[in-house]
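As structure tokens, then:
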């Protein structure tokens, strides 16, 4: 089990984008372990199937969709509602990252980052909002501490995540009257396919751990546990929050740790 606690997700319908790998896979499994039905979205049907292997097929719905395509997010919402008859939780996790240099700006990279990290989140929220209003449900975006502070060589990625953080706060205001809570998790550096190459560099990994109060890089399960809490009834008075899940990395002002 991913979570140490039990959450009341029996019969709850959840949609997770980017659900086949990394943080999204952990979130998918965490909700399934707690009894929810999960519609998971991603580009690879094989990865999605692997993520839900061993879970009851009646509680699983796989959607092989590229969310960078306009209209794809709305299609995913409609298919999830058709499958489960309702929608209680949406986790906008799908994302991509790529290094960026302002002196060699690449508009194709920017459009791809924005399409997945921001545009798809907006489209997903718009399509899901009426369904979440019926269930007084939750919309959770997986952002990044890169959207709260600067990031070396990642200005374009950081810009999309900063936009997501303010989007979440604004949507919390707009949707609060209908009972919908909107929050974001802001992970720090997390073990995943996208980060594996950098973590394989011993010098980089050592410098990274020095910046983390808890002394270790996050695992996807760390993020999934926070998602279970933030979308559950125990967090019922929390909305508009951007919660860092970073082992204390963002608590620092950048001063090196004492030797």
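In this note's numbering, the protein residues as written are 10 to 268.
Beta carbons are placed, not taken as given, at the ideal position from N, Cα and C, and that holds for glycine.
- Take residue 184, set aside five residues on each side of it, and the residues of its chain with a beta-carbon closer than 7 Å to its own are 138 and 191, in chain order.
- For residue 70, the pairing in a beta bridge is given by DSSP as 48.
- One thing to note: residue 24 has its Cβ within 8 Å of the Cβ of residue 89.
- A distance below 8 Å separates the beta carbons of residue 230 and residue 11.
- Under the three-state reduction of DSSP output, residue 148 falls in the strand class.
- Residues 22, 68 and 93 of the same chain have their beta carbon placed closer than 6 Å to that of residue 46, with the five preceding and five following residues left out of the count.
- Distance between residue 111 and residue 172, taken at the CA atoms: about 18 Å.
- Beta-bridge partners of residue 194 (DSSP): 151 and 252.
- Looking at the DSSP output, residue 199 bridges to 227.
- Distances from the alpha-carbon of residue 234 to those of 217, 220, 246 and 253 put 253 closest.
- Residue 22 has 46 as its beta-bridge partners, per DSSP.
- Assignment of residue 101 by DSSP, reduced to helix, strand and coil, places it in the strand class.
- Residue 60 holds the alpha-carbon nearest to the alpha-carbon of residue 28 among 18, 147 and 60.
- Where residue 166 is concerned, the enclosing alpha helix (DSSP H) starts and stops at 164 to 184.
- Per DSSP, reduced to three states, the secondary structure at residue 160 is coil, with no helix or strand assignment.
- Taking the Cα positions, residue 66 is about 43 Å away from residue 216.
- Around the beta-carbon of residue 37, 16 or more other beta-carbon atoms lie within 10 Å, marking it buried.
- In the structure shown, the three-state DSSP call for residue 126 is helix.
- Here residue 15 is exposed, its C-beta having fewer than 16 other C-beta atoms within 10 Å.
- Cβ contact annotation for residue 239 (same chain, cutoff 8 Å, sequence separation greater than five): 147, 149, 192, 194, 247, 250 and 252, in chain order.
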